[in-house]
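This note's numbering applies: residue 1 is where the sequence shown begins, and numbers increase by one.
Cβ atoms here follow ideal geometry from the backbone N, Cα and C, with glycine treated the same way.
Step one of this worksheet: look at the structure below.
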Amino acid sequence: MSVAPAPLVDPWPLTGRHEVLEVVCDALGQGAPVVFVHGEAGTGKTRLGGEALRRLEAEGWSVSRATATASARGVPLGALAHLVPSPVDDRPQELFNATRRAIEDDAAGRPALVAVDDAQHLDPTSATLLVSLVQAGVVQVLATMRSGERAPDAVGALWSLDAARTVTLRDLGPLEVDALLHRVLGGPLDGVARATLLDASGGNPLYLRELVLGAVDAGTLAAESGVWRLTGPLALSPVLGAQVLERVAHLAAEAREALELVAVGEALGLALLERLATADALEELEARALIEVTEDRRRVVVRPAHPMYGEAVRASLGTVRLRRLSRRIAEALAATGTRRRGDAALLARFQIAGGVAPDAEALAAGARMARHHQDWSTAVRLGRAALDAGDRDAAALVIEAHSALGEFGEADALAAAVLADPDGLSEAARVEVHRSRADSLFFAHDDAAGAVDQLEAALDGVVDPVRRDLLRFSRAAMLAWSGRFAEAREAIAGLIDSDEPRVAVQAAMVAEFDAAVAGPAGRAIDLADQWFGVHLSLPDLAGTNAPGLHLVLKTVALANAGRLAEAADLADLGYRASIADRNLAGQLWFSLELGRVALLRGDAEAAIGWFREQVALCRSTGLRRPVTLGLSGLAVAHAYRGDAAAAAAAIAERDATGLGVVEAFAVEGVRGEAWAAAAAGDPARARALLVAGATAAEASGAVLLAAFARLDALRLGDRDQAEPLARAAAVAGSTIVDLAARWAASPRDGAELDAVADGFEQLGCRLVAAEVHAAAATAWRAAGHPKRATAAEGRADALARRLRGADTPGLTVVEAVVPLTPREREVALLVADGLTSKEVAERLFLSARTVSNHLQNAYTKLGISKRTELGEALRRFGDGADR
């Protein structure tokens, strides 16, 4: 569901500059005669200066503002004329005296400040007058200056004054950009949008603002399911283009062409560039900080120093010039030979851009290399060109690339055309088309049976034994996705021992999938560790799934095993790598897993953010079916916060898609419905759903996933889960399931429940730990141990307070703490303050025995046994919080 963009905040809030603002204001407050704020264009010097002036004016300063401009630089007093009384006497001493009197009269004893924006443009007369006023102690100066600009000598004299201060504004960092965009847009951005805007702007606030406004106006930055996503390329606004081109306007012709080559190439080897441009030109560009020379994998690479430099220069090139520059790069690359990985794709790219028609073989080689690096957009572009040049087999690669980008409509159309007329298609390409078509049937069209049938039919006529084994793997994987785990195990029997590495790594992937959801989880982790590196090292990834899927499955297994910190770290690593590679499928799956880990930790707020991002990704691509998992998780997260309406809305949105929950994870869909029912006040229905869903999952072989549903039923009050959880614990290899089995086996044993709660807390499952402590409190109270009951409830309360808005039935089943009577509270507070019982008795005119009785009652109700624990206990339960 797309969400109409809210009006953007204007002006944009000052972000990431508060420390610098404090430095500027403190320096002026402590008497610094001059404070210079340096920074590149667009870093926010003027904005920072304005914020400082507003603060100082509010503190009683007399502030005068001046703006220097290049056009007025030749006009005497062009910047400060408004400060000088008329008529102007141009004799220096008289000019100084008159200006001094005017400033002092206006200040009326207050500290006086002159603020000069763009001080590098000050005319000499204004600059000299300012120096004199500062040296005489009449004013202090706050000046902004663009880095790298030459200033008048008189302005330079201000720098040399004792106690003058200089601060430099840097570009914003990733966290600051994220915070700023969240505040401006009123909601989160998905990872690719964040990374793209950060990369394109370089953290420059002006560039960032122009990019965001341009993208919102163009409709390419829009909110989807509460998450802002980019649906097209960023456009260079006229303001932004002019800002950048101003910087390069005075380059010599050779240096300008060298910069154009770097802009067109985006990242060219220095050795290659030295064949195209003179050393003097490159040195000038580096000295002016227009290019960046870095070492990347033992290769020296030249890039534009800022992404916007490349964008602006490319946008300024005409078609003819762009083609000529592209041809020059292609010719130089061909002359040096395509020795490195990726060179073939680069050569084909520049040949196409230069109007040179590469041969089909070169295009296909470039497309294959792009596929190896998972650069799917380039793979589509080069593969299409190879197909047009007569390479029929390139169709398989194009279909695979479209599928990887979630563009299943394009993939389906090409697959249908190719399979309808397979003449000229090799056996290898035909196998790959069938595999891609099966993925489309399952993930885009909700047709699990059709996907399996597609792969079974593809086996007919395939002679090559390796390709037959790869098809057998694909069928096994599709059986696993379809929730048919026993059949999947049978289908890969023996394949993991294959002498063909591509077959072995794929078979291992199915085994990892099976163990991650059926147990033992440790086996899935070990297999992923063993085979991920092997998969990465394959010289040709054709016929295999993305190596990153090993990491997704390992994350699932780590989370299911109860190793939440490791799962979170790995999922975060995979998510960041997916963002860097613009890998939508990886971003989607790792977002889902980060949401699952957040739920296991009880952090519903974080889970909501991750699930929303996953849903937005699914909705904006053809990868439709996983949206059912994200919406189910979203329902659970909302239910954890007690938001019944939002939980119900998530399930309604899921059902409205008309898609079935991915069969392998069908029980996750049931958990979403159950928690929505629980939040709506129907725990009986929730328990029934969970037990039925767990039973079905066990029948399919997903024993580990079923155990989590049974744990949910236990949390919602079902005390008949001991036997099935014990069976699951025997095979799951999961500390979470082990603890769940112990809870189910000892529902009335307060000591055991407290120990189980401690175990959950050590894993990071704080919400479940709080619920088990709450259950322990009930058990202790029923057994006649009110102190221990209160202590357990206190621990539940302390854990719940650390969660963000958690409100589940398991946290509310305990009887409320019996409140202290007014007299008990009074006695307890005095003792907590350090008074002895005798002193309390004297102060309250009570007997020592009465004080002792009140104190013992308070100990019992608060679950403590000695007076040194009183202060903390009173604070925990809301008494004496202000003490």
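On the premise that residue j lies in contact with residue i, defined as a C-beta separation below 8 angstroms, what is that separation, rounded to the nearest angstrom?
i: ALA315; j: LEU236; result: 5 angstroms
i: ALA571; j: LEU588; result: With 8 angstroms as the limit, ALA571 and LEU588 do not qualify as a contact, their Cβ atoms being about 12 angstroms apart.
i: ARG715; j: GLU771; result: 6 angstroms
i: ALA81; j: LEU122; result: Incorrect: roughly 12 angstroms between the Cβ atoms, too far for contact.
i: GLU260; j: LEU325; result: 6 angstroms
i: ALA577; j: LYS554; result: About 14 angstroms; that fails the 8 angstroms criterion.
i: LEU172; j: GLY203; result: 4 angstroms
i: GLU400; j: SER436; result: 5 angstroms
i: GLN506; j: LEU538; result: Not quite, the Cβ-Cβ distance comes to about 10 angstroms (not below 8 angstroms), so this is no contact.
i: ALA516; j: ALA557; result: 4 angstroms
Whose C-beta lies closer than 8 angstroms to the C-beta of residue i among residues of the same chain, with five residues either side of it excluded?
i: HIS182; result: PRO188 and LEU189
i: ALA389; result: ALA357, PRO358, ASP359, ALA360 and LEU363
i: GLY310; result: VAL262, ALA263, GLU266, ARG303 and PRO304
i: ARG867; result: VAL831, ALA832 and LEU855
i: ASP10; result: none
For residue i, list the residues DSSP reports as bridge partners.
i: VAL116; result: ALA66 and ALA143
i: GLU292; result: ARG303
i: GLY905; result: This structure cannot speak to residue 905, because the chain is shown only from 1 to 883.
i: LEU230; result: LEU221
i: ARG165; result: VAL35
i: LEU189; result: TRP228
Please say whether residue j and residue i have beta carbons closer to each other than 7 angstroms?
i: VAL24; j: ALA66; result: no
i: HIS773; j: ARG795; result: yes
i: GLY764; j: LEU564; result: yes
i: ALA200; j: LEU211; result: yes
i: VAL827; j: LEU855; result: yes
i: ALA792; j: ALA777; result: yes
i: ALA598; j: ALA607; result: yes
i: ALA258; j: LEU234; result: no
i: LEU142; j: GLY49; result: yes
i: PRO809; j: THR860; result: no
i: ALA684; j: ALA648; result: no
i: SER440; j: GLU663; result: no
i: VAL244; j: MET308; result: yes
i: ALA98; j: PRO85; result: yes
i: ALA157; j: VAL139; result: no
i: ALA229; j: ALA252; result: Reading off the sequence shown, one finds Arg at residue 229, where the question assumed Ala. No. Outside cutoff.
i: ALA79; j: SER147; result: no
i: ARG275; j: ALA334; result: no
i: ARG619; j: GLY805; result: no
i: ARG625; j: ASP446; result: yes
i: PHE644; j: ALA680; result: According to the sequence displayed, residue 644 carries Ala and not Phe. In contact: ALA644 and ALA680 (Cβ atoms closer than 7 angstroms).
i: LEU725; j: ALA709; result: no
i: LEU634; j: PHE611; result: yes
Starting from residue i, trace the alpha helix (DSSP H) both ways and give me its first and last residue.
i: LEU763; result: 750–763
i: GLU57; result: 45–58
i: PHE443; result: 427–443
i: LYS866; result: Neither: LYS866 is in no alpha helix (DSSP H) and is coded neither H nor E.
i: GLY533; result: 521–536
i: ASN97; result: 92–107
i: ALA679; result: 666–679
i: GLN135; result: 124–135
i: PRO822; result: 822–832
i: GLN351; result: 343–353
i: THR812; result: Careful: THR812 lies outside any alpha helix (DSSP H) and carries neither H nor E.
i: LEU689; result: 683–700
i: GLN243; result: 238–248
Beta strand (DSSP E) containing residue i: first to last residue?
i: VAL463; result: First-last for VAL463: undefined, no H or E at that position.
Can you name, in chain order, every residue of its own chain whose Cβ lies under 6 angstroms from the Cβ of residue i, other than the five neighbours on each side?
i: LEU425; result: ARG392
i: VAL418; result: ALA395 and VAL433
i: ARG484; result: none
In chain order, what residues of the same chain have a beta carbon less than 7 angstroms from the beta carbon of residue i, not counting five sequence neighbours either side?
i: TRP780; result: GLY750, ARG788, ALA789 and ALA792
i: GLU407; result: GLY622
i: ARG430; result: PRO422
i: ARG687; result: ALA713, LEU716, GLY717 and ASP718
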